[in-house]
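**Q** Letter by letter, the sequence shown follows residues 0 to 642 in numbering that gives the first Met the number 0.
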Amino acid sequence: MKEEHYQTVSQIFYSTCAKHNSRPAQLFNAGLYNNDNSGRFTYGEMLLRVEMLACGLMSLGFDKNQRAAIMSTNSPYWTHADFAIINSGGVTVTIYPSLSLNEASYIINDSECSYLFVGSQEILNRILPGVSGMPSLSKIIVMDIQYRGDRENVIGLGQLMDLGLSFQAQNSSALSQRWQSVSLDDWAAIVYTSGTTGMGKGAILTHRTVATRLYHTLYTFSKTGISIMEEDVCLSFLPLSHIFDRGCCQMLGVYVGACIAYADRPSTIMQDMQKYRPTWFNCVPRLYEKLFITIRDEMAKSPVKKTVFRLALGVGQKTLAYRTDSHGRINMAEDFDLVGRLPLGLRISYKMADKILARVRDLFGGRLKLAFSAGAGISAELSTLFYAMGFRIVEGYGLTETCTACNCNPLTGIKPGKVGPPANGSLGRLAEDGEYQISGAGLFIGYLNKPEETAEAFTPDGWFRSGDLGEFDQDGYLKIVDRKKAIIVLSTGKNVAPAKIESLFSTSSKVEQVFVIGDEKKYISALLVPNFNYFIDLFKRENIPFDRDSLVYSNASGAPVCVQVGADFIGQPLLREMVEKEVNAANKILEGFEAIKKYAIIPRRFLEETGEITPTLKPKKHVILANYEDTVRSLYEQGQQTS
0 MKEEHYQTVS QIFYSTCAKH NSRPAQLFNA GLYNNDNSGR FTYGEMLLRV
50 EMLACGLMSL GFDKNQRAAI MSTNSPYWTH ADFAIINSGG VTVTIYPSLS
100 LNEASYIIND SECSYLFVGS QEILNRILPG VSGMPSLSKI IVMDIQYRGD
150 RENVIGLGQL MDLGLSFQAQ NSSALSQRWQ SVSLDDWAAI VYTSGTTGMG
200 KGAILTHRTV ATRLYHTLYT FSKTGISIME EDVCLSFLPL SHIFDRGCCQ
250 MLGVYVGACI AYADRPSTIM QDMQKYRPTW FNCVPRLYEK LFITIRDEMA
300 KSPVKKTVFR LALGVGQKTL AYRTDSHGRI NMAEDFDLVG RLPLGLRISY
350 KMADKILARV RDLFGGRLKL AFSAGAGISA ELSTLFYAMG FRIVEGYGLT
400 ETCTACNCNP LTGIKPGKVG PPANGSLGRL AEDGEYQISG AGLFIGYLNK
450 PEETAEAFTP DGWFRSGDLG EFDQDGYLKI VDRKKAIIVL STGKNVAPAK
500 IESLFSTSSK VEQVFVIGDE KKYISALLVP NFNYFIDLFK RENIPFDRDS
550 LVYSNASGAP VCVQVGADFI GQPLLREMVE KEVNAANKIL EGFEAIKKYA
600 IIPRRFLEET GEITPTLKPK KHVILANYED TVRSLYEQGQ QTS
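Next up, the structure:
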């Protein structure tokens with residue numbers, strides 16, 4: 000591809016702001032941001048805000064190629080800060096807002112950040128005690144336009160904007176000269192991987208990395224029935240600290256001139272769907288599971304409603320056969336003539352059923368064109384249920400190192416359970432041991448300060464080793480089996496993929512988390528975490544007594560969720576019976592050696608706060624095994640029964 004097809008991130012930003020100056024760029028709840036701009040920025044208004052912040056950074060001495068970090072939940076200010084850093088020639092370093100001081104300090108020191116944007120007073124309070132151990136950090140900016148810092152090294156967003164206005168008045172061409180001096184091979188971002196086995200690695204993404212991925216993604220979309228245009232609205236709720244939403248919502252949205260709407264918090268997603276009526280969003284399988292359970296519960300509020308929904312869903316499932324070709328590819332494109340392909344009887348049933356299913360789709364705002372799924376594999380059963388309801392979920396596959404999706408299902412031919420063929424400018428192949436390897440557009444250039452890990456990440460001929468095991472089918476569609484390091488090898492020599500077992504609980508309203516065990520053991524066992532909120536409601540309805548003083552709640556998602564219960568709670572016969580049924584149902588699908596022979600029911604959720612899962616909800620195996628060492632040992636003691 001010729002170089003002129005690619006633009007730096009700054010060129011993309013300025014080009015879009017000029018072309019779509021009066022179009023909406025950002026929508027948000029103004030009440031959360033001091034009524035800033037009445038909850039709406041056009042591209043022209045966003046450009047002015049970003050320029051003020053970029054000039055503010057430059058007034059503080061921010062030089063080209065310096066690093067500045069963002070540690071915040073999603074907000075319009077997150078996007079402003081990101082483009083301000085990049086447009087002033089810098090490199091954005093992303094930090095999950097939930098990380099501990101120790102983890103955040105590691106990233107700041109490893110990347111030698113000079114500036115840190117924090118999203119709240121709470122995050123500031125978490126960081127300040129460790130500032131003396133961050134020698135490169137010169138200033139913290141609190142992302143609040145009314146905040147006024149009371150110490151030399153902390154200022155508010157409004158103060159930075161004021162500095163920017165003064166700088167602009169005296170140096171009118173400095174910013175344009177800075178961003179125009181940036182080349183495609185300059186660094187744009189350092190994004191740290193999740194770190195399931197320790198501290199994450201900083202993947203370096205250049206402007207070329209981002210530009211080639213965006214260009215080829217839009218080209219792939221044009222050939223596969225996917226359309227993202229300036230009229231579209233994306234709801235942003237996955238962490239922008241992660242490459243998925245930052246790339247497939249923020250960067251993609253700005254690339255085409257679409258509007259980005261910011262959810263208030265994770266617990267308000269369904270309300271935000273109604274408010275902003277998005278045409279697309281990005282989601283991970285665990286949240287799709289929760290969304291389906293929300294739909295199912297909403298449709299089960301009365302016996303009549305439950306029956307009508309079940310019948311309508313059944314009709315929707317029957318129609319999928321008429322969307323599916325001989326290779327098992329489902330055509331979910333908007334222009335696919337489903338009604339014209341249905342036999343008369345089913346056509347009549349479908350027209351009635353779709354009126355019911357349309358009400359379900361209206362829960363998501365009524366304008367949803369498609370949703371992307373990545374971050375982990377979504378079960379074929381779950382995605383098929385969404386297709387039956389008329390939702391278009393496009394499953395893809397990518398990593399931090401590939402700057403979003405390098406594989407993607409075409410909307411014109413989706414294979415549930417597969418992540419599609421290589422796409423968006425990428426090439427893919429399998430090594431002899433089954434590891435998936437990637438080349439082409441959108442690749443990172445290496446891990447910061449880790450030359451050995453960088454060398455190990457690439458083959459001698461330059462292909463990136465993903466660390467995932469995969470299988471290609473006859474149509475070139477990839478199936479991800481599991482992480483190479485996650486595969487369990489039993490003492491019998493059999494290999495077991497935990498992801499396969501975990502996916503069988505994906506639509507369960509009774510079991511919340513599953514951690515599969517079995518390395519060098521004779522059989523598979525598991526630690527199971529029930530859905531405590533489900534059973535609390537059930538016990539209340541059935542008048543089953545339990546110790547309410549033992550319940551522990553977390554408001555991390557913005558709504559109270561029970562994360563710990565007492566021993567009496569998990570000892571309730573009804574709970575144990577229902578969990579047993581879930582395990583038995585899964586075991587009927589699994590091969591004999593894959594089946595869960597024994598399990599323990601755990602009275603506490605695996606949490607990020609306890610170090611047991613990453614911000615992207617992936618389990619930290621070594622931490623969980625250490626925390627539950629005695630429990631795991633009991634599952635393999637002679638004579639120990641399933642618990």
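Just so you know, even glycine gets a beta-carbon here, dropped at the ideal spot from N, CA and C.
Using a Cβ distance threshold of 8 Å, determine whether the region 314-334 contacts the region 397-414, with at least three qualifying pairs required.
**A** Flag = yes, the region 314-334 and the region 397-414 touch.
**Q** Which same chain residues, not among the five before or five after A440, have their C-beta less than 7 Å away from its C-beta?
**A** Against the sequence shown, residue 440 aligns to sequence position 441. Correct list, in chain order: T211, R212, H215, N423, G424 and S425.
**Q** Does T506 come out as helix, strand or coil in the three-state DSSP assignment?
**A** Within the sequence shown, numbered from 1, the residue matching residue 506 stands at position 507. Of the three classes helix, strand and coil, the one that applies to T506 here is coil, per DSSP.
**Q** Mind pulling the alpha helix (DSSP H) runs of 4 or more residues that sit fully within the region 238-307?
**A** For the region 238-307, whole alpha helix (DSSP H) runs of length 4 or above, ordered along the chain, are 251-255, 268-275 and 284-297.
**Q** Out of curiosity, what's the CA-to-CA distance linking V338 and E102?
**A** Residue numbering aside, residue 338 sits at position 339 when the sequence shown is read from its first letter. Residue numbering aside, residue 102 sits at position 103 when the sequence shown is read from its first letter. Cα to Cα, the separation comes out at about 54 Å.
**Q** Do you know whose CA, among G419, C402, T401 and A387, lies nearest V393's CA?
**A** Position 394 of the sequence shown, counted from the start, is the residue given in the question as residue 393. When each option's Cα is compared against that of V393, the closest is G419.
**Q** Apply the 10 Å Cβ neighbour rule to V528 and answer buried if 16 or more other Cβ atoms are within range, or exposed otherwise.
**A** Reading the sequence shown from its first residue, position 529 is the one you call residue 528. The residue is buried, with at least 16 neighbouring Cβ atoms inside 10 Å.
**Q** Excluding the 5 residues preceding and the 5 following G199 in the sequence, name in chain order all residues of the same chain whose CB lies nearer than 8 Å to its CB.
**A** Here residue 199 is taken as the residue at index 200 of the sequence shown, counted from 1. So the qualifying residues of the chain are I106, Y191, T192 and S193.
**Q** Of all the options D271, T399, M51 and Y42, which has the alpha carbon lying nearest to the alpha carbon of S87?
**A** As a first step, residue 87 must be located in the sequence shown, where it is residue number 88. Taking only the C-alpha atoms, the option nearest S87 is M51.
**Q** According to DSSP, simplified to helix, strand and coil, what is A430?
**A** In the sequence shown, counting from the first residue as 1, residue 430 sits at position 431. Reduced to three states, the DSSP call for A430 is coil.
**Q** Do you know whose CA, among L239, K222 and Y42, lies nearest E229's CA?
**A** Numbered from 1 along the sequence shown, position 230 holds the residue referred to as residue 229. Selected option, being the one with the closest Cα: Y42.
**Q** List the endpoints of the continuous beta strand (DSSP E) containing Y191.
**A** If you number the sequence shown from 1, residue 191 lands on position 192. Y191 -> beta strand (DSSP E) spans W186 to Y191.
**Q** Output needed for Q6: all residues of its chain with C-beta closer than 7 Å, excluding positions within five of it in sequence on either side, in chain order.
**A** For the purposes of this step, residue 6 is taken as the residue at position 7 of the sequence shown. Excluding residues within five positions, the ones whose Cβ falls inside 7 Å are S14 and A210.
**Q** What is the DSSP secondary structure of A370, reduced to helix, strand or coil?
**A** Here residue 370 refers to the residue found at position 371 when the sequence shown is read from its first residue. DSSP places A370 in strand when its eight states are reduced to three.
**Q** With 16 as the cutoff for other CB atoms within 10 Å, does E579 come out buried or exposed?
**A** Looking up residue 579 in the sequence shown gives position 580. Exposed, by the Cβ-count rule.
**Q** Roughly how many whole angstroms lie between the Cα atoms of S348 and A188?
**A** Counting from one through the sequence shown, the residue named residue 348 turns up at place 349. Counting from one through the sequence shown, the residue named residue 188 turns up at place 189. Each residue's alpha carbon lies about 52 Å from the other.
**Q** Are the CB atoms of V495 and G469 nearer to each other than 8 Å?
**A** As a working mapping, residue 495 is identified with position 496 in the sequence shown. As a working mapping, residue 469 is identified with position 470 in the sequence shown. Not closer than 8 Å, so no.
**Q** Using the three-state DSSP reduction, which class does V90 fall into: helix, strand or coil?
**A** By one-based count along the sequence shown, residue 90 stands at place 91. Reduced to three states, the DSSP call for V90 is strand.
**Q** Straight-line CA distance for L427 to A311?
**A** The residue given as residue 427 occupies position 428 in the sequence shown. The residue given as residue 311 occupies position 312 in the sequence shown. What sits at residue 427 in the sequence shown is Gly, not Leu. Roughly 40 Å separates the two Cα atoms.
**Q** Please work out which residues of its chain come closer than 8 Å, Cβ to Cβ, to D334, disregarding the five sequence neighbours upstream and downstream, and give them in chain order.
**A** Here residue 334 corresponds to residue number 335 of the sequence shown, with the count starting at 1. G224.
**Q** Determine whether the beta carbon atoms of S235 and A262 lie at a separation below 8 Å.
**A** For the purposes of this step, residue 235 is taken as residue 236 along the sequence shown, with counting starting at 1. For the purposes of this step, residue 262 is taken as residue 263 along the sequence shown, with counting starting at 1. Going by C-beta atoms, S235 is nearer than 8 Å to A262.
**Q** Once DSSP output is grouped into helix, strand and coil, what is the label at T411?
**A** Residue 411 sits at position 412 when you count from the first residue of the sequence shown. T411: coil per DSSP, three-state reduction.
**Q** If contact is defined by three or more beta carbon pairs under 8 Å, each pair taking one atom from either stretch, is the region 532-544 in contact with the region 583-601?
**A** Output reads no: the region 532-544 does not touch the region 583-601.
**Q** Indicate whether the contact test is met: 3 or more Cβ pairs, each with one atom in the region 147-156 and one in the region 169-180, closer than 8 Å.
**A** Counting Cβ pairs under 8 Å, fewer than three are found: no touch.
**Q** Thinking just about the alpha-carbon of each residue, which of A566, L573 and K509 is nearest to the one in A584?
**A** In the sequence shown, residue 584 corresponds to position 585, counting from 1. Of the candidates A566, L573 and K509, the one whose C-alpha sits nearest the C-alpha of A584 is K509.
**Q** What is the C-beta distance between T205 and L183, in whole angstroms, given that I count them as a contact (C-beta under 8 Å)?
**A** Here residue 205 corresponds to residue number 206 of the sequence shown, with the count starting at 1. Here residue 183 corresponds to residue number 184 of the sequence shown, with the count starting at 1. That belief holds up - the Cβ atoms of T205 and L183 are roughly 7 Å apart, short of 8 Å.
**Q** What's the C-alpha gap between E581 and I600?
**A** Reading the sequence shown from its first residue, position 582 is the one you call residue 581. Reading the sequence shown from its first residue, position 601 is the one you call residue 600. Roughly 12 Å between the two C-alpha positions.
**Q** Under the rule that 16 or more other beta-carbon atoms within 10 Å means buried, what is A352, buried or exposed?
**A** Residue 352 sits at position 353 when you count from the first residue of the sequence shown. Answer is buried; the Cβ neighbour count reaches 16.
**Q** Give the straight-line distance between the Cα atoms of A555 and R360, rounded to the nearest whole angstrom.
**A** The residue given as residue 555 occupies position 556 in the sequence shown. The residue given as residue 360 occupies position 361 in the sequence shown. Those two C-alpha atoms are separated by around 28 Å.
**Q** Leaving out the 5 sequence neighbours to the left and right, which residues in its chain are closer than 7 Å to T641 when beta-carbon positions are compared?
**A** For the purposes of this step, residue 641 is taken as residue 642 along the sequence shown, with counting starting at 1. Reliability fails at T641, whose pLDDT of 43 lies under 50, so the model's placement of it is uncertain and no value is given.
**Q** Report buried or exposed for P497, applying the criterion of at least 16 other Cβ atoms within 10 angstroms of its Cβ.
**A** In the sequence shown, residue 497 corresponds to position 498, counting from 1. Answer is buried; the Cβ neighbour count reaches 16.
**Q** Are there three or more Cβ pairs, one per stretch, closer than 8 Å when the region 15-22 is compared with the region 126-146?
**A** Result no; under three Cβ-Cβ pairs closer than 8 Å.
**Q** Over what stretch of residues does the beta strand (DSSP E) that includes G469 continue unbroken?
**A** Numbered from its first residue, the sequence shown carries residue 469 at position 470. That run of the beta strand (DSSP E) goes F463 to F471.
**Q** How many angstroms separate the CA atom of K483 from the CA atom of I612?
**A** Taking the first residue of the sequence shown as position 1, residue 483 is located at position 484. Taking the first residue of the sequence shown as position 1, residue 612 is located at position 613. Those two C-alpha atoms are separated by around 18 Å.
**Q** Short check: CB of A24 to CB of F12, under 8 Å?
**A** Here residue 24 refers to the residue found at position 25 of the sequence shown. Here residue 12 refers to the residue found at position 13 of the sequence shown. Not a contact, by the Cβ cut-off of 8 Å.
**Q** List the residues that DSSP assigns as beta-bridge partners of C402.
**A** Your numbering for residue 402 matches position 403 in the sequence shown. In the DSSP output, where bridge partners are listed per residue, C402 has none listed.
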